[in-house]
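Below you'll find the structure, written out as structure tokens, and then a few comments.
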Amino acid sequence: MKTPVMEMKSVSKHFAMTAALSKVSLALYPGEVHALVGENGAGKSTLIKIMTGIHRATEGEILLDGDPVTIQNTQQAQALGVAAIYQEPMVFPDLDVAENIFISHRDLGPFVKWRDMYDNARDIIRTLGVTLDVDIPASGLTLAEQQTVEIARAISLKVRVLIMDEPTASLSAHEVTQLMNVVRTLREQGVAILYISHRLEEVFEIADRVTVLRDGQHISTNPIADVTSDGLIRDMVGREIDDFFGKRTKRTRQDVLLSVRGLTKENVFTDINFDIHRGEVLCFAGLIGARRTDVGLALFGIEPADRGEVSFEGQPVEITTPEQAIALGIAYSSEDRRKLGLAMSMSITANASLPTLRKYLSGLGLIHRSDESAMAESYRQKLNIRTPSIHTTVGTLSGGNQQKVMLSKWLNVKPKLLIFDEPTRGIDVGAKAEVHQIVNELAAEGVAVIVISSDLPEVLAMADRILVMREGQQMGIFDAEDATQENIMSLATGQTTLAAAG
Amino acid sequence: MNLVRAAAAKLRSWEGFLLLILIITVIGNAIQSPVFLTVGNQINLFQLSIEKIIVALMMTLIIINAEIDLSVASMMGLSACAFGWLFLHGIPVPLAMIAAILVGTLGGAFNAFWITRVGIPSLVVTLAMLIGFRGLARVLVEDRGITGFPEWFDAMGQQPIIGPFPLALLIFFALLILLIVVLHFSAFGRYVYVIGNNAQMARYSGVDILRVKSILFIASGTVAALAGLLFAARVGAVRGDVALGFELDIITIVLLGGVSIFGGSGSIFGVLLSILIVLNLRNGMALANITGHLQTGVIGSLLILSVLIPNIRQRIRDALERYQAAR
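Taken in order, these protein sequences are the chains called A and B. Start counting the first sequence at 1; every next residue gets the next number (my numbering). Start counting the second sequence at 1; every next residue gets the next number (my numbering).
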């Protein structure tokens with residue numbers, strides 16, 4: 001057996017009182033893709049941060065080629081040949097591809113040798129087996145191309161250990177294939193790759209070995225051939241999930257809550273028509289750019305539609321502000337938690353009470369802190385938000401727990417209609433199952449839920465009915481029992497009309 | 001033990017640091033001059049900058065909201081000049097005072113209109129109004145100095161009215177208490193922080209951010225106009241250059257108080273400490289016969305230090321952590 005390029009030996013990291021990582025060992029071999037999986041909060045990010053010099057381990061050692069090293073900072077990690085790329089690529093939009101590739105170099109002398117730089121950039125791009133002009137500005141690149149640039153940057157720095165953190169989370173299926181090819185090329189060149197992903201199918205496609213972390217502990221490391229997806233999930237969540245998506249039971253249809261006719265916003269979406277009943281889960285399916293979120297935003301009053309009729313509980317309504325939507329009993333939980341969902345530097349309590357702050361006021365407009373905290377505490381218990389205290393800053397929570405804070409915030413509105421945009425994006429399997437469970441319970445209580453999701457298995461598991469959109473057009477509505485991944489995709493990609501797909 | 005640790009954590013915060021500086025300043029001053037701790041001197045120390053610190057309180061909310069109001073000093077000038085002009089034209093003094101404050105409310109509403117309805121950044125709008133309000137003030141009084149206000153008006157600026165406290169100081173304390181309650185205990189204050197943190201998110205949560213911002217700018221204009229009047233009363237005269245350049249001192253005090261220029265964090269307590277430090281330092285230096293220019297230099301260095309110290313502190317903390325990790 002070869003010696004590992006990089007080896008972590010029972011590494012621990014403590015933040016104040018909590019242990020984010022305890023005695024985790026991991027060996028990365030040249031020419032091997034090593035997948036790292038685990039729920040959010042399992043310690044993956046902490047491990048990466050230790051490897052790249054952002055954090056320092058509290059105990060344990062790091063070996064490089066068998067020699068112990070201490071990685072003090074990111075520059076040193078870079079010098080040792082350890083690099084990481086993330087879900088959101090870091091490129092400078094106004095610089096061109098070659099400039100972006102060589103941005104981190106400090107060893108090329110005081111003057112830029114332009115010709116050499118472009119030649120070298122071309123060489124690197126070629127070795128990755130992709131075609132990409134090195135003299136176009138980075139602002140025009142797709143996400144996948146931006147990631148290629150980041151990988152090329154790492155290669156230009158003679159990378160030996162490449163950490164890829166959720167690289168495919170925002171990529172389309174085609175782009176994922178491209179990225180996988182790049183990863184294979186790198187593997188052939190002898191780079192050790194640590195690949196982190198929530199998508200198990202990718203792990204099975206690309207990885208040679210797989211390590212599972214849970215609650216900061218090392219659970220298992222196995223060759224990929226020796227594991228099954230059920231086994232991995234069991235290791236990740238530490239319990240059996242008999243049904244991954246918690247299949248829902250067919251319910252009798254109640255009365256119509258919201259009815260939408262001919263809803264149109266110029267150049268965004270056209271002629272959207274649907275009814276949603278109390279206690280029903282209606283999923284909006286479609287590809288990125290199908291404008292599903294825009295319909296949600298129109299119904300919530302953020303970006304009102306230009307034309308069309310909306311009636312709510314039988315009354316025609318015109319919703320032009322979120323305040324109005326909330327007053328009617330419509331809640332919208334955004335897909336972008338960081339920008340549009342939560343105040344990251346504020347407490348769980350302050351976030352949870354924001355849309356409903358008026359409920360917690362005395363006559364003088366002062367906040368009843370105890371009532372407010374009691375509300376947050378009740379949601380912490382009900383939704384199983386894993387945190388020592390409701391006064392914790394939201395930014396320090398894992399994705400799944402942040403999503404639950406979002407849910408607390410909107411459930412406390414006591415909505416009649418919940419528009420839930422990408423309910424499980426970027427959260428781990430355990431939290432995913434919990435979120436699905438919550439949506440099922442809401443529906444059982446008579447809440448109508450519009451789920452906007454790009455995750456087809458999720459759509460099929462949750463929905464009573466499915467509305468498929470493509471480029472701002474409504475392509476059709478299925479009953480869940482008639483829907484399959486294939487007929488949804490053929491509508492979403494515009495290969496068929498509903499009549500042919502049905 | 002936990003209590004001690006919590007107290008220590010509090011002291012390590014920015015407010016704790018300010019408190020330390022304040023204590024050092026006060027002790028230094030007290031040793032240096034026997035009159036420093038007298039009531040008369042303590043009141044005097046507030047009186048000399050009272051208008052600035054009143055406006056700084058309101059500015060705290062604006063900066064926490066991730067906005068800025070550069071037009072406050074010009075508004076102080078405009079309100080004082082409007083008062084002087086009306087007085088010259090024979091309007092009864094009480095009426096002229098009310099009108100001058102209304103000018104501030106209207107000016108604030110004018111700022112709010114461009115910022116919230118048209119969507120121009122407050123930095124740009126209030127920079128324009130810094131010039132606009134000042135220009136208007138100079139047009140009103142030209143290069144005259146208006147004096148000869150009734151005795152009771154001038155007295156308002158200097159005479160103690162309750163105990164040893166003059167009116168302006170009482171207004172400062174009233175505003176201080178009001179804003180502590182508003183910012184730290186009311187829904188409005190929560191909205192101020194949330195919007196400063198993430199305005200888009202606040203909108204998506206049904207917070208009427210335009211309303212909150214409008215109220216803040218209208219209040220800022222009104223408070224600035226009131227401060228302008230207090231200045232006129234204290235000095236007993238009005239000229240076109242009343243409060244010229246005060247906006248920088250005001251913003252400096254707020255930032256030294258630990259309010260983030262990017263919004264979303266800071267507290268009135270921090271700003272109060274910062275006010276006390278600046279006032280005590282100036283007073284101490286005045287008692288020690290240090291010239292005004294040098295005083296400004298010292299305050300300036302303090303600001304630079306306030307930017308550097310958190311940085312240095314972080315480095316020391318990192319070094320300690322590394323040392324502990326190495327053991």
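Using N, Cα and C, we set each Cβ at its ideal position, and we do this for glycine too.
Please return the same chain residues whose Cβ sits closer than 7 Å to the Cβ of Gly4 (chain A), not counting the five positions on each side in sequence.
Note on residue identity: the sequence assigns Pro, not Gly, to residue 4 (chain A). Ala27, Leu28 and Tyr29, listed in sequence order.
Rank B:Ser33, B:Leu256, B:Ala225 and B:Val181 by C-alpha distance to the C-alpha of Val242 (chain B) and give the top, closest one.
With distances taken between Cα atoms, Val242 (chain B) lies closest to B:Ala225.
Against chain B, with Cβ distances strictly below 8 Å, would Leu340 (chain A) count as a contact?
Yes, because at least one Cβ of chain B sits closer than 8 Å to the Cβ of Leu340 (chain A).
Just list the alpha helix (DSSP H) runs in the stretch 251–288 of chain B, keeping only unbroken ones of 4 residues or longer that don't cross its boundaries, in chain order.
Counting whole runs of 4 or more residues, the stretch 251–288 of chain B contains the alpha helix (DSSP H) stretches 268–287.
Under the rule that 16 or more other beta-carbon atoms within 10 Å means buried, what is Leu357 (chain A), buried or exposed?
That one is buried.
Determine, using beta-carbon pairs with one atom in the stretch 287–299 of chain A and one in the stretch 252–270 of chain A, whether at least three such pairs fall under 8 Å.
Yes, the stretch 287–299 of chain A is in contact with the stretch 252–270 of chain A.
Restricting to Cα atoms, I'd like to know which of A:Gln146, A:Arg234, A:Leu108 and A:Ala305 is closest to Leu157 (chain A).
Considering only alpha carbons, the answer is A:Leu108.
Compare the C-alpha of Glu51 (chain B) against each of B:Leu176, B:Ile21, B:Ile277 and B:Met76 and name the closest.
The shortest C-alpha separation from Glu51 (chain B) is found at B:Met76.
If the cut is a Cβ gap below 7 Å, which residues of chain A does Asn198 (chain B) touch?
In chain order: Ala343.
Any contact of the stretch 168–185 of chain B with the stretch 281–288 of chain A, i.e. 3+ C-beta pairs under 8 Å?
Short answer: they don't touch.
Is the Cβ of Ser503 (chain A) closer than 8 Å to any Cβ of chain B?
No answer is possible for residue 503 (chain A): it lies beyond the span of chain A, which begins at 1 and ends at 502.
Count the C-beta pairs between the stretch 91–104 of chain A and the stretch 136–148 of chain A that are closer than 8 Å, then say yes if the count reaches three, no if not.
Yes, since at least three Cβ pairs between the stretch 91–104 of chain A and the stretch 136–148 of chain A fall closer than 8 Å, the two stretches touch.
For Lys213 (chain B), count neighbouring Cβ atoms within 10 angstroms of its own Cβ and tell me buried if that reaches 16, exposed if not.
The residue is buried, with at least 16 neighbouring Cβ atoms inside 10 Å.
Check whether the Cβ of Ala187 (chain B) lies closer than 8 Å to any Cβ atom in chain A.
Ala187 (chain B) counts as touching chain A.
Could you list which residues in chain B have their beta carbon closer than 7 Å to that of Leu357 (chain A), in chain order?
Correct list: Ala187 and Arg190.
Within its chain, find whatever has a CB closer than 8 Å to the CB of Asn280 (chain B); leave out the 5 residues flanking it on each side and keep chain order.
Here the set comprises Leu22, Thr25, Val26, Asn29 and Leu45.
At a Cβ cut of 8 Å, what residues of the stretch 254–269 of chain B count as close to chain A, listed as they run along the chain?
Taking 8 Å as the Cβ-Cβ cut-off against chain A, the residues of the stretch 254–269 of chain B that qualify are Gly264 and Ser265.
Determine, using beta carbons only, whether Arg117 (chain B) comes closer than 8 Å to chain A.
No, Arg117 (chain B) lies away from the interface with chain A (no Cβ there is under 8 Å from its Cβ).
Are three or more beta carbon pairs between the stretch 147–159 of chain B and the stretch 236–251 of chain B nearer than 8 Å?
The stretch 147–159 of chain B is in contact with the stretch 236–251 of chain B.
If you measure between the beta carbons of Ile452 (chain A) and Ile488 (chain A), is that distance less than 8 Å?
Going by C-beta atoms, Ile452 (chain A) is not nearer than 8 Å to Ile488 (chain A).
Taking Cβ-Cβ distances below 8 Å as the criterion, which residues of the stretch 202–215 of chain B are in contact with chain A?
Listed in sequence order: Ala202, Arg203, Tyr204, Ser205, Gly206, Val207 and Asp208.
Does the CB of Gly365 (chain A) have a neighbour CB from chain B at under 8 Å?
Chain B, which has a Cβ nearer than 8 Å to the Cβ of Gly365 (chain A), makes this yes.
Going by the CB atoms, is the gap between Gly446 (chain A) and Arg278 (chain A) shorter than 8 Å?
Yes, they are a contact pair.
Taking only beta-carbon positions, decide if Leu21 (chain A) is within less than 8 Å of chain B.
No, its Cβ sits nowhere closer than 8 Å to a Cβ of chain B.
Using the three-state DSSP reduction, which class does Arg209 (chain A) fall into: helix, strand or coil?
Arg209 (chain A) falls in the strand class under three-state DSSP.
Leaving out five residues before and five after Leu37 (chain B) in sequence, what residues of the same chain have Cβ atoms less than 7 Å from its Cβ?
Correct list, in chain order: Ala30.
Are Ser408 (chain A) and Leu383 (chain A) close, meaning C-beta to C-beta below 8 Å?
Yes, the pair counts as a contact, with Cβ atoms nearer than the cut-off.
Need the endpoints of the alpha helix (DSSP H) that Pro223 (chain A) sits in, please.
Taken as a continuous stretch (DSSP letters only), Pro223 (chain A) belongs to no alpha helix (DSSP H), being part of the beta strand (DSSP E) at Gln217 to Pro223.
Apart from the five residues just before and just after Phe244 (chain A), which ones in its own chain have a Cβ nearer than 6 Å to its Cβ?
Caution is warranted here: a pLDDT of 49 is assigned to Phe244 (chain A), below 50, making its placement in the model unreliable, and the coordinate value is therefore given only provisionally. None.
Which residues, in chain order, does the stretch 292–319 of chain A contribute to contact with chain B at a C-beta distance below 7 Å?
Listed in sequence order: Ile302.
Tell me which residues share the same chain as Leu140 (chain B) and place their Cβ nearer than 7 Å to its Cβ, disregarding the 5 neighbours each side in the sequence.
These residues qualify, in order along the chain: Cys81, Ala82 and Trp85.
Helix or strand or just coil, what does DSSP make of Leu282 (chain A)?
If DSSP states are grouped into helix, strand and coil, Leu282 (chain A) belongs with the strands.
Between the alpha carbons of Ile326 (chain A) and Asp306 (chain A), how many angstroms are there, rounded?
Ile326 (chain A) and Asp306 (chain A): Cα-Cα distance of roughly 20 Å.
Less than 8 Å between the C-beta atoms of Gly81 (chain A) and Val159 (chain A), yes or no?
Yes. Within cutoff.
For Val24 (chain A) and Pro388 (chain A), I'd like the C-alpha separation in whole angstroms.
If I take the Cα positions, the gap works out to 23 Å.
Around the Cβ of Thr228 (chain A), are there at least 16 other Cβ atoms within 10 angstroms (buried) or fewer (exposed)?
When all chains shown are included, Thr228 (chain A) counts as exposed.
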